[in-house]
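Each remark here refers to the structure printed beneath this line.
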Amino acid sequence: MELTRRALMQGAMAGATLGGLAPRWAHALVDMGGFTVETLSDGHLVLPADFIFGPMPKDLLGPVLQANGITAGAPLTPECNLTLLRHDESIVLFDAGSGPAFQETAGKIADALGSIDLAPEDITHVVFTHGHPDHLWGVLDDFDDPFFSEAQHFMGQTEFEYWMNPETVNTIEAERTTMAVGAQRRLAAMEDAMTLFGDGDEILPGVAARMTPGHTPGHMSFEIRSGSNSLLVIGDAIGNHHVAFAEPTWHSGSDQDKETAAATRTRLFDQITADQMRIIGFHLPGGGMGHAERRGAGYRFIPDGA
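Mind the numbering: the sequence shown is residues 3 to 308 in the numbering used here, read in order.
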């Protein structure tokens, strides 16, 4: 698998930016022999630190943050990296981004697509890792019409049924109620256009679904394979480049089922380090594409081109 291009493209993002980040497109491309895979920026989020760090041991957290250049208590501004796969006549987008209704700093995928001479209607397939706002809400435009109007849409059956269950709104943590309402509304609008699948299914040629639950009940990752080359789109199964790598067994406030999510991360790290597999993480830095390597009792993220 050959890395053929690694570039940062400066562009004028629509809307204001928060958190002191300069607008930019993070864009990486890898040739897998018949497939090309690249990452495009949907912008970034602005999150309170406790959204991730809240349940973690405060006496042990400080050194991890310091080692990663993170100021304790400061807002977090993770990238949002959408994955684009081109194969024959197919142009496949993994996740739809935030759209216009979540955060002002996100929902920029139309601009990112335009920077590589694509329009939303050029996308042939949209594949969802899970139903959180920064991954799903971009499926509809300002008028509640499908944003990727020519695409076939795919979601894991467990994830789809979870968000469509009327009881989810009543049983999810109170601070996530808006997420549940928003997911249900968008999935209901797209229900007739949605293809559901299960763990292990080959949903498209060379693309296999891998259940990686915990962040959400039906979170999916996707293995893209061409000959001996493989890459794993991990969504939010490994949600950041700092504590998730350094201390994968710690519970994260961003995960709905914290115990299951920690077990999933541990299993993923075992797999991707043993196989030296390239990964793409939705919130990992530098465009999200790179490798994991062991570092003491934990791991560290090595972006492609680093």
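Note that the Cβ used here is the ideal one computed from N, Cα and C, for glycine as well.
So, residue i versus residue j, is the Cβ gap smaller than 7 Å?
i: residue 99; j: residue 109; result: yes
i: residue 2; j: residue 78; result: The requested residue 2 is not part of the displayed model; the chain covers only 3 to 308.
i: residue 125; j: residue 95; result: yes
i: residue 256; j: residue 37; result: no
i: residue 216; j: residue 159; result: no
i: residue 286; j: residue 243; result: yes
i: residue 44; j: residue 111; result: yes
Could you have a look at residue i and say whether DSSP puts it in helix, strand or coil?
i: residue 299; result: coil
i: residue 244; result: coil
i: residue 291; result: strand
i: residue 197; result: strand
i: residue 167; result: coil
i: residue 274; result: helix
i: residue 23; result: Any reading at residue 23 must be qualified, since the residue scores a pLDDT of 42, below 50, and its modelled position is unreliable; no value is offered.
i: residue 172; result: helix
i: residue 48; result: coil
i: residue 239; result: coil
i: residue 282; result: strand
i: residue 111; result: helix
i: residue 120; result: coil
i: residue 72; result: coil
i: residue 249; result: coil
i: residue 181; result: helix
i: residue 136; result: helix
i: residue 104; result: coil
Going by DSSP, name the residue or residues bridged to residue i.
i: residue 222; result: 213
i: residue 304; result: 293
i: residue 128; result: 95, 155
i: residue 148; result: 142
i: residue 227; result: 232
i: residue 161; result: DSSP lists no partner for residue 161.
i: residue 206; result: 209
i: residue 67; result: Note: residue 67 sits in no beta bridge, so no partner.
i: residue 78; result: 49
Comparing C-alpha positions only, which one of the options sits nearest to residue i?
i: residue 2; options: 148, 85, 91; result: Residue numbering for the chain in the displayed model covers 3 to 308; residue 2 lies beyond these limits and cannot be assessed.
i: residue 60; options: 151, 223, 75, 50; result: 75
i: residue 73; options: 52, 293, 241; result: 52
i: residue 264; options: 83, 123, 239, 288; result: 239
i: residue 213; options: 267, 80, 91; result: 267
i: residue 223; options: 163, 280, 90; result: 280
i: residue 48; options: 80, 210, 291; result: 80
i: residue 163; options: 305, 219, 103, 269; result: 219
i: residue 253; options: 294, 57, 137; result: 57
i: residue 82; options: 46, 120, 176; result: 46
i: residue 103; options: 139, 123, 165; result: 139
i: residue 137; options: 151, 145, 283; result: 283
Regarding residue i and the ligand HEM, is the C-beta to nearest heavy atom distance less than 6 Å?
i: residue 189; result: In terms of ligand content, the structure shown is empty, and the ligand HEM therefore cannot be addressed.
Discussion item. Would the segment 147-163 count as touching the segment 182-196 if we require 3 or more Cβ pairs under 8 Å?
Written reply: yes
Worksheet item: Does the pairing of the segment 231-246 with the segment 31-46 give three or more beta-carbon distances under 8 Å?
Response: yes
Discussion item. Using 8 Å as the cut-off, can you tell me whether the segment 237-248 makes contact with the segment 285-301, which would need three or more C-beta pairs spanning the two stretches below that distance?
Written reply: yes
Worksheet entry | Cβ contact check for the segment 179-191 and the segment 125-135: 3 or more pairs under 8 Å | yes
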